[in-house]
Amino acid sequence: AQSVTQLGSHVSVSEGALVLLRCNYSSSVPPYLFWYVQYPNQGLQLLLKYTSAATLVKGINGFEAEFKKSETSFHLTKPSAHMSDAAEYFCAVSGDAGNNRKLIWGLGTSLAVNP
Amino acid sequence: DTEVTQTPKHLVMGMTNKKSLKCEQHMGHRAMYWYKQKAKKPPELMFVYSYEKLSINESVPSRFSPECPNSSLLNLHLHALQPEDSALYLCASSLLQGQTYEQYFGPGTRLTVT
Numbered sequence: 002a003q004s005v006t007q008l009g010s011h012v013s014v015s016e017g018a019l020v021l022l023r024c025n026y027s028s029s030v031p032p033y034l035f036w037y038v039q040y041p042n043q044g045l046q047l048l049l050k051y052t053s054a055a056t057l058v059k060g061i062n063g064f065e066a067e068f069k070k071s072e073t074s075f076h077l078t079k080p081s082a083h084m085s086d087a088a089e090y091f092c093a094v095s096g097d098a099g100n101n102r103k104l105i106w107g108l109g110t111s112l113a114v115n116p
Numbered sequence: 010d011t012e013v014t015q016t017p018k019h020l021v022m023g024m025t026n027k028k029s030l031k032c033e034q035h036m037g038h039r040a041m042y043w044y045k046q047k048a049k050k051p052p053e054l055m056f057v058y059s060y061e062k063l064s065i066n067e068s069v070p071s072r073f074s075p076e077c078p079n080s081s082l083l084n085l086h087l088h089a090l091q092p093e094d095s096a097l098y099l100c101a102s103s104l105l106q107g108q109t110y111e112q113y114f115g116p117g118t119r120l121t122v123t
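Chains A and B, in that order, are what the protein sequence lines are.
Quick note, in the numbering used here, the first sequence goes up one by one and the last residue is 116.
Quick note, in the numbering used here, the second sequence goes up one by one and the last residue is 123.
Dropping the structure here:
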């Protein structure tokens, strides 16, 4: 069965520090992976996606993620956190035919950025 | 333009009311989605339309009735809702329905059922 695990429901970093949000997936087929961000009282915004073209994926707002098949991971990073990065972050894997090809979501990680 | 719009932003309704949520996109996407999201939780898929036809119904109660009048519009008709239906309702669209296509989300409608 396909699944997504986000380690750490809450992550707190200082402004200017490295942001690392962890995502591990389980999939019996080559995965398509996504990171979304949700700012307070807003919808979800696509940060980046992995579709097997390159293992290091660059997204918007300075975020990037590296696909590591051996570790079944797709961790999200940003070299220097800004206050505006405080939000909820969701990792998702695109489901296979058995899952109606719907997005399978992690439970989310809430990122706090301290001044 | 990667914008999905939703109206209204907020909606308060009683359990006997009938109301509708509206979603619109002009990106030429042929797949549209309704999600329900509770606070601090990931979105839960409710319905998927592909080429204006209902493709997926995730066993949603009949008090929620989706409609796709054309390729740009998606409605969600609400009737006799329960307080536990209070949530953020998100609309999304993608170029096509399939694993490789990213979904673009609207800002959502915050629904409160009293």
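C-beta: ideal position from N, C-alpha, C; glycine also.
Query                                                                                                          : Result
Sequence-distant residues of the same chain with beta carbon closer than 7 Å to A:N100, five excluded per side : Q3
Backbone secondary structure at A:K70 - three-state DSSP                                                       : helix
Buried versus exposed call for A:E89 [16 or more other C-beta atoms within 10 Å across all chains shown]       : buried
Where A:V30 falls, given that 16 or more other Cβ within 10 Å makes a residue buried                           : exposed
Within-7 Å CB hit, A:G109 to chain B                                                                           : yes
Three CB pairs or more closer than 8 Å across the stretch 106-116 of chain A and the stretch 63-80 of chain B  : no
Host beta strand (DSSP E) of A:L104 (start-end)                                                                : 104-106
Under 8 Å from the C-beta of B:Y60: neighbouring residues of chain A                                           : Residues of chain A passing the Cβ test: none, with the nearest at roughly 15 Å.
Interface flag, B:T109 vs chain A, CB-CB below 7 Å                                                             : yes
Selection of the stretch 29-56 of chain B by Cβ proximity to chain A, strictly under 8 Å                       : K49, K50, P51, P52, L54
B:G115 and B:Q46 closer than 7 Å at C-beta                                                                     : no
Residue environment, A:T1, which counts as buried when at least 16 other CB atoms sit within 10 Å              : An answer regarding residue 1 of chain A cannot be provided, because it is not within the stretch 2 to 116 covered by chain A.
Backbone CA spacing between B:N26 and A:S13 [nearest angstrom]                                                 : 43 Å
Under 7 Å by beta carbon: chain A residues contacting B:P75                                                    : Residues of chain A passing the Cβ test: none, with the nearest at roughly 15 Å.
C-beta atoms of A:W36 and A:L77 nearer than 7 Å                                                                : yes
First through last residue of the beta strand (DSSP E) which encompasses B:A93                                 : Sequence check: residue 93 of chain B is Glu here, not Ala. Unbroken run through B:E93: none, as it is neither H nor E.
For B:F73, the first and last residue of its enclosing beta strand (DSSP E)                                    : 73-79
Cα-Cα separation, A:F68 to B:G37                                                                               : 30 Å
Chain B within 7 Å of A:F64, Cβ atoms only                                                                     : no
Selection from B:H86, B:T123, B:T121, B:Q108 that minimises the alpha carbon distance to A:L34                 : B:Q108
Simplified DSSP state of A:A98, which is helix, strand or coil                                                 : helix
Chain-ordered neighbours of A:F91 on chain B, where CB pairs are closer than 9 Å                               : P51, P52
Candidates B:H19, B:T123, B:A101, B:K50: closest to A:H11 by CA position                                       : B:K50
The beta strand (DSSP E) enclosing B:V69, as first and last residue numbers                                    : Element bounds for B:V69: n/a, residue is neither H nor E.
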